[in-house]
Amino acid sequence: MKTNKYVEDLRSKSVAELNEELVAAKKELFNLRFQNATNQLDNTSRIKEVRRNIARIQTVISSKND
Numbered sequence: 018m019k020t021n022k023y024v025e026d027l028r029s030k031s032v033a034e035l036n037e038e039l040v041a042a043k044k045e046l047f048n049l050r051f052q053n054a055t056n057q058l059d060n061t062s063r064i065k066e067v068r069r070n071i072a073r074i075q076t077v078i079s080s081k082n083d
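For reference, each letter of the sequence shown is one residue, going 18 to 83 in the working numbering.
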């Protein structure tokens, strides 16, 4: 599956790289929400996908900190 590969890629990164990716994903989510509010967003399912990716990144970060 695609998500399994994504999670494996996340686990291979360092915490600093994960934090950078988390910031980038949050910026992307902000931009998607802004586009949605102004009716410029075509693919609304992308918001859900980015939210789940943020959760995945946060989960991997917390597991590395334990």
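We put the CB at the ideal spot given by N, CA and C, even for glycine.
query, result
"From the DSSP output, in three-state form, read off alanine 43 for me.", "Alanine is not the amino acid found at residue 43; the sequence shown has lysine there. Three-state DSSP puts lysine 43 in a helix."
"Is DSSP giving glutamate 56 helix, strand or coil here?", "The residue asked about is misnamed: residue 56 is asparagine in this sequence, not glutamate. Correct three-state label for asparagine 56: coil."
"What whole-angstrom Cβ distance do arginine 77 and arginine 28 have, given they're in contact under 8 Å?", "Residue 77 is actually valine in this sequence, not arginine. Indeed they touch by this definition, with Cβ atoms about 6 Å apart."
"Answer yes or no: do isoleucine 71 and lysine 43 have a C-beta to C-beta separation smaller than 8 Å?", "yes"
"If you drop the 5 nearest sequence neighbours on each side, which residues of the same chain put their C-beta closer than 8 Å to that of leucine 35?", "Leu27, Ile74, Val77, Ile78 and Lys81"
"Please say whether leucine 58 and glutamine 52 have beta carbons closer to each other than 8 Å?", "yes"
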